[in-house]
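Using our numbering, the first residue of the sequence shown is number 1, and each one after it goes up by one. Shown next, in structure tokens, is the structure this report addresses.
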Amino acid sequence: MQPELAGTDRRAFALGIGGNEGDVQQSIRTCVSVLTEHRLVSDLRVSSVYRTSPWGDVQGGEFLNCAACGLWAGGDLELLHLCRSVEGLFSVPVNKNGAARELDVDVLFLEGGVSSEELTLPHPRMAFRKFVLVPLCDVWFQAVPGLGYTPAELLKRVQDGSSIIFHSDLRSQ
Numbered sequence: 001m002q003p004e005l006a007g008t009d010r011r012a013f014a015l016g017i018g019g020n021e022g023d024v025q026q027s028i029r030t031c032v033s034v035l036t037e038h039r040l041v042s043d044l045r046v047s048s049v050y051r052t053s054p055w056g057d058v059q060g061g062e063f064l065n066c067a068a069c070g071l072w073a074g075g076d077l078e079l080l081h082l083c084r085s086v087e088g089l090f091s092v093p094v095n096k097n098g099a100a101r102e103l104d105v106d107v108l109f110l111e112g113g114v115s116s117e118e119l120t121l122p123h124p125r126m127a128f129r130k131f132v133l134v135p136l137c138d139v140w141f142q143a144v145p146g147l148g149y150t151p152a153e154l155l156k157r158v159q160d161g162s163s164i165i166f167h168s169d170l171r172s173q
């Protein structure tokens with residue numbers, strides 16, 4: 001069952017999780033474990049893992065990517081800081097733009113939206129990235145808060161020609 005849009009106490013959120021350096025599958029498992037055990041996260045659902053080609057000018061080889069959604073009981077920036085703390089468990093470059101990385105955790109959306117210097121949600125580029133939308137289709141079937149379209153509807157419109165191939169299902173491991 002998918003998390004419904006929540007009330008004021010808990011808000012629906014989604015994350016993009018991936019990497020292209022080291023044992024990314026294990027990094028993703030660790031990330032999911034930390035999220036599952038976090039006191040402000042509930043009803044976490046995780047997509048399958050997909051092998052994807054690098055997007056833009058990113059260094060390194062193919063990525064493994066997945067998405068996770070659930071309910072969040074904290075503040076906007078607390079969710080961002082949780083993602084950064086999980087990334088901090090791995091060797092993640094300070095400036096991730098274009099760099100290979102062991103783990104990258106991006107907040108895709110948080111119900112109610114956010115617009116600040118540190119965080120803008122929904123993620124400004126999520127609607128253009130197949131490596132975000134395909135995994136998100138596994139776990140989120142409603143309109144993305146702030147975009148008004150489901151991930152499947154956005155995927156039909158995306159002009160990203162990169163390859164994306166099923167890799168594994170974390171739920172069965």
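For every residue, glycine included, the Cβ atom is placed at its ideal position computed from N, Cα and C.
| Query | Result |
| --- | --- |
| So which of Ile17, Ser48, Asp9 has the shortest CA-CA distance to Arg257? | Because the chain spans 1 through 173 in this model, residue 257 falls outside it and cannot be assessed. |
| For Ser27, collect the residues of the same chain with a Cβ closer than 6 Å to its Cβ; drop the 5 residues on either side in sequence, then sort them by chain order. | Gly19, Phe90, Glu102, Leu103 |
| Taking a contact to mean a Cβ-Cβ separation below 8 Å, would you say Ser53 touches Cys66 in this structure? | no |
| For my contact list, Leu64 and Arg51 are in at a C-beta cut-off of 8 Å; report their separation, rounded to the angstrom. | 6 Å |
| Give the secondary structure of Asp104 by DSSP, where H, G and I count as helix, E and B as strand, and everything else as coil. | strand |
| Between Asp76 and the rest of its own chain, which residues show a CB-CB distance below 7 Å, the 5 nearest in sequence each way excluded? | Leu110, Val114, Leu119 |
| Where does Val86 fall in DSSP's three states? | helix |
| What would DSSP say about Ser115, mapped onto helix, strand or coil? | strand |
| Since Val49 is in the beta strand (DSSP E), which residue starts that stretch and which ends it? | 49-52 |
| Quick one: what's got a C-beta closer than 7 Å to Leu79's C-beta in the same chain, skipping five residues either side? | Phe13, Trp72, Val107, Leu110 |
| Have a look at Gly148 and Asp9 and give me their C-alpha separation to the nearest angstrom. | 22 Å |
| Cβ atoms of Asp160 and Lys130: under 8 Å apart, would you say? | yes |
| Hey, quick one: how far does the beta strand (DSSP E) through Arg45 stretch, first residue to last? | 41-46 |
| Starting from Arg11, trace the alpha helix (DSSP H) both ways and give me its first and last residue. | Here Arg11 belongs to no alpha helix (DSSP H); instead the beta strand (DSSP E) covers 11-19. |
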